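Trainee: Heads up: the sequence shown runs through residues 438 to 896, numbered per the working numbering.
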Amino acid sequence: MYDLSLAETIVAVSTPPGCGGIGVVRLSGPAALKIARTLFRPKKDRRGGEPGRAVLGEVVDPADRRPFDEGFLLHFRAPRSFTGEDVAELHLHGSPVILEEVVRLAVRRGARPALPGEFTLRAFLNGRIDFLQAEAVDDLVRSASLARAKSAFRTVNGALSRKAAAVRREIIGWVAQLEADIEFPEEGRPAAKKHYIDKIDKIYLEVDRLVRSYEMGQALGRGVTIALVGRVNSGKSTLFNGLLEEPRAIVTPFPGTTRDFLRETVRINDASFLLVDMAGLGRAGSPIEREGIRRGKKIAAEADGLLLLLDGSRRLSASDAALIESYRSRKIILVLNKTDLPEKTTPAEVTRRFPDLPVAAVSALRGDGLDVLRKMMYDVFFPLIPGRDIIVLRERDKLLLEEIAARLLRAKEMIASNQPIELAAEEAREIVTLTGRLTGEIRPDDILDDVFSRFCIGK
Ligand SMILES: Nc1nc2c(ncn2[C@@H]2O[C@H](COP(=O)(O)OP(=O)(O)O)[C@@H](O)[C@H]2O)c(=O)[nH]1
Ligand SMILES: [Mg+2]
Numbered sequence: 438m439y440d441l442s443l444a445e446t447i448v449a450v451s452t453p454p455g456c457g458g459i460g461v462v463r464l465s466g467p468a469a470l471k472i473a474r475t476l477f478r479p480k481k482d483r484r485g486g487e488p489g490r491a492v493l494g495e496v497v498d499p500a501d502r503r504p505f506d507e508g509f510l511l512h513f514r515a516p517r518s519f520t521g522e523d524v525a526e527l528h529l530h531g532s533p534v535i536l537e538e539v540v541r542l543a544v545r546r547g548a549r550p551a552l553p554g555e556f557t558l559r560a561f562l563n564g565r566i567d568f569l570q571a572e573a574v575d576d577l578v579r580s581a582s583l584a585r586a587k588s589a590f591r592t593v594n595g596a597l598s599r600k601a602a603a604v605r606r607e608i609i610g611w612v613a614q615l616e617a618d619i620e621f622p623e624e625g626r627p628a629a630k631k632h633y634i635d636k637i638d639k640i641y642l643e644v645d646r647l648v649r650s651y652e653m654g655q656a657l658g659r660g661v662t663i664a665l666v667g668r669v670n671s672g673k674s675t676l677f678n679g680l681l682e683e684p685r686a687i688v689t690p691f692p693g694t695t696r697d698f699l700r701e702t703v704r705i706n707d708a709s710f711l712l713v714d715m716a717g718l719g720r721a722g723s724p725i726e727r728e729g730i731r732r733g734k735k736i737a738a739e740a741d742g743l744l745l746l747l748d749g750s751r752r753l754s755a756s757d758a759a760l761i762e763s764y765r766s767r768k769i770i771l772v773l774n775k776t777d778l779p780e781k782t783t784p785a786e787v788t789r790r791f792p793d794l795p796v797a798a799v800s801a802l803r804g805d806g807l808d809v810l811r812k813m814m815y816d817v818f819f820p821l822i823p824g825r826d827i828i829v830l831r832e833r834d835k836l837l838l839e840e841i842a843a844r845l846l847r848a849k850e851m852i853a854s855n856q857p858i859e860l861a862a863e864e865a866r867e868i869v870t871l872t873g874r875l876t877g878e879i880r881p882d883d884i885l886d887d888v889f890s891r892f893c894i895g896k
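So this is what it looks like as structure tokens:
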């Protein structure tokens, strides 16, 4: 869909649609400045100023030379601009009709309306930024949380690109050694084997850290979803209210009170958690309850983590145990509730039966133990990773990194099991290609559409 020749000059309104204090029309390409100057009459400086310096003036229709708005013309010369081309920006009043008129006039003068993300695409094609940076530009613009916007900004600035390039260099170095080894196979094989394995382990750790950072980026963006599960009357709605610190959900002594589900956000430290209260999982009394349970199971299946409630004033039942077993492989905290009542199930007993699962003892009704539970939720559910300043934000990148990680393990396996070194070298060359696709050094053209078409127009 994109024209990659860069011969044309593109134009678009770069500020959001609608009225605003200021609106910007941006042009990029060989004729950008020439076209902008036909639409703009400077108040003083006839030529339209130096690069990077705004000049005050009026926009005029070249047909009748009549001004219809005033504002600033700002321009940059290739290659020292965002796109790497000549760029002109007209900063005018933020009126959609005026901005659209300026675009129409620019098109009359030979510019072409820009496609979504085309300015950023040009920055990429002109070598100003790589793929990872280009994607992060879009992420920065769309970030719903400041934390995510800040991490996107670091990626725009090249933090992730430098990391990816470093990993790529390491892999290329390693491939070169492997290939040399194919040529001189007799020399020091056993030593080489250990050396390769250490090397792969080191690269793998870096790649794996990046893969895991994706999860954290997602969590920063949209919050971590936590479903409250447990049998009826275990105190889910009471705990939901307790964590929210307001009586949001209806609580009654009658089993099956909650049928629909409720979602609310709570913040713990810098993380936001989306709590979901829902019907108790167990035997359903009515069709409404049955539907509630069906939906509850789906929510639990899709949640990032689970708080599984147990009623400590009752003996741990077979159905509690079955419920725990069914969610055992998930991120889960067992919450032993109702510690204010005479104890029939102790935390020690729960831990003895499920030694690998974290247990929190609380009284949701009184609020006892909730602070400890909050801390535990943060530690267990928030995907904290070391070196949290470099975060992979895009699924495309995460998938590539996952494939790189899997192939690294495969190459290691081949070397460890003394398979012909040519096989590992083959795998390694594939890994090099994949790392090139990450930054866009190696790119199938269809990927351009995939990356840039999701952008806004004017970006
Ligand atoms: N004593 C005591 N009662 C509780 C506690 N948590 C919940 N309950 C009571 O247990 C009953 C069921 O609570 P609810 O939150 O509706 O349970 P849900 O069905 O799991 O949502 C209500 O009568 C609550 O007041 C607790 O920590 N201590
Ligand atoms: Mg309830």
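C-beta atoms are modelled at their ideal positions from N, C-alpha and C, and glycine is treated no differently.
Keep in mind that this is a model prediction, so the values were computed, not measured.
Could you check the C-alpha separation between A543 and L712 for me, to the nearest Å?
Mentor: 51 Å
Trainee: With 16 as the cutoff for other CB atoms within 10 Å, does K849 come out buried or exposed?
Mentor: buried
Trainee: Could you pull the DSSP bridge partners for R478 from this structure?
Mentor: E495
Trainee: In this structure, how does DSSP classify P724 when only helix, strand and coil are distinguished?
Mentor: Looking at P724 - three-state DSSP - the assignment turns out to be helix.
Trainee: According to DSSP, is G458 part of a helix, a strand, or is it coil?
Mentor: strand
Trainee: Using three-state DSSP, classify I663 as helix, strand or coil.
Mentor: strand
Trainee: What is the rounded straight-line gap between the Cα of P533 and the Cα of G672?
Mentor: 54 Å
Trainee: Would you kindly work out how many angstroms separate the C-alpha atoms of A801 and K775, rounded to a whole number?
Mentor: Each residue's Cα considered, the two are about 7 Å apart.
Trainee: Per DSSP, what are the beta-bridge partners of V703 in this structure?
Mentor: F710
Trainee: Would you call the stretch 472-481 and the stretch 489-502 in contact, with 3 or more CB pairs under 8 Å?
Mentor: yes
Trainee: Any contact of the stretch 888-895 with the stretch 538-554, i.e. 3+ C-beta pairs under 8 Å?
Mentor: yes
Trainee: For the alpha helix (DSSP H) containing F561, list its first residue and its last residue.
Mentor: E555 to L562 is the span of the alpha helix (DSSP H), which, as asked, contains F561.
Trainee: How would you label V772, buried or exposed, when you count the other beta carbons within 10 angstroms and need 16 or more for buried?
Mentor: Looking at its Cβ environment, which holds 16 or more other Cβ atoms inside 10 Å, V772 is buried.
Trainee: In or out: K735 buried (at least 16 other Cβ within 10 Å) or exposed?
Mentor: It counts as exposed.
Trainee: Taking 9 Å as the threshold (C-beta atoms), are E762 and T662 in contact?
Mentor: no
Trainee: For a test of the three-state rule: what should DSSP assign to R789, helix, strand or coil?
Mentor: helix
Trainee: Would you kindly work out how many angstroms separate the C-alpha atoms of T788 and R668, rounded to a whole number?
Mentor: 19 Å
Trainee: Nearest to E701 by CA position, among A686, P690 and D645, is which residue?
Mentor: A686
Trainee: Which residue's Cα is closest to the Cα of D757: S766, K768, R767 and L745?
Mentor: L745
Trainee: With respect to the beta strand (DSSP E) encompassing I687, which residues constitute its N-terminal and C-terminal limits?
Mentor: Counting along the chain, I687 falls outside any beta strand (DSSP E), and DSSP gives it neither H nor E.
Trainee: Quick check on the DSSP output: the beta strand (DSSP E) that includes P533 runs from which residue to which?
Mentor: No beta strand (DSSP E) contains P533, which is instead part of the alpha helix (DSSP H) from P533 to R545.
Trainee: According to DSSP, what are the bridge partners of I640?
Mentor: Partner residues in a beta bridge of I640, as assigned by DSSP, do not exist.
Trainee: Which residue from A797, I769, D793 and K768 puts its Cα closest to that of T782?
Mentor: A797
Trainee: In chain order, what residues of the same chain have a beta carbon less than 8 Å from the beta carbon of K768, not counting five sequence neighbours either side?
Mentor: D741, G742, L743, V817 and F818
Trainee: Taking the alpha carbon of R585 as the point to measure from, which residue in S709, A755 and E538 has its own alpha carbon closest?
Mentor: S709
Trainee: Rounding to the nearest angstrom, what Cα-Cα distance links D501 and A473 in this structure?
Mentor: In this model, D501 and A473 are separated by some 16 Å (Cα to Cα).
Trainee: With DSSP as the reference, label F677 as helix, strand or coil.
Mentor: F677: helix per DSSP, three-state reduction.
Trainee: Taking the alpha-carbon of R591 as reference, which of E878, V574, Q614 and I535 has the nearest alpha-carbon?
Mentor: The candidate whose alpha carbon is nearest that of R591 is V574.
Trainee: So, for R847: in the same chain, excluding its five sequence neighbours on each side, which residues have a beta-carbon less than 7 Å away from its beta-carbon?
Mentor: E864
Trainee: Alpha carbons only, please: which of V703, N706 and T694 is nearest the one belonging to L718?
Mentor: T694
Trainee: When the Cα atoms are used, what is the spatial distance from V666 to R649?
Mentor: 26 Å
Trainee: Looking at the structure shown, is V809 part of a helix, part of a strand, or coil, going by DSSP?
Mentor: helix
Trainee: Taking 9 Å as the cut-off, decide whether the C-beta atoms of L778 and G749 are in contact.
Mentor: Their beta carbons are under 9 Å apart, which means L778 touches G749 by this criterion.
Trainee: Tell me where the beta strand (DSSP E) around E507 begins and ends.
Mentor: Where E507 is concerned, the enclosing beta strand (DSSP E) stretches over R503 to F513.
Trainee: Roughly how many angstroms lie between the CA atoms of E620 and D635, to the nearest whole one?
Mentor: 21 Å
Trainee: Tell me P550's beta-bridge partners as DSSP assigns them.
Mentor: V448
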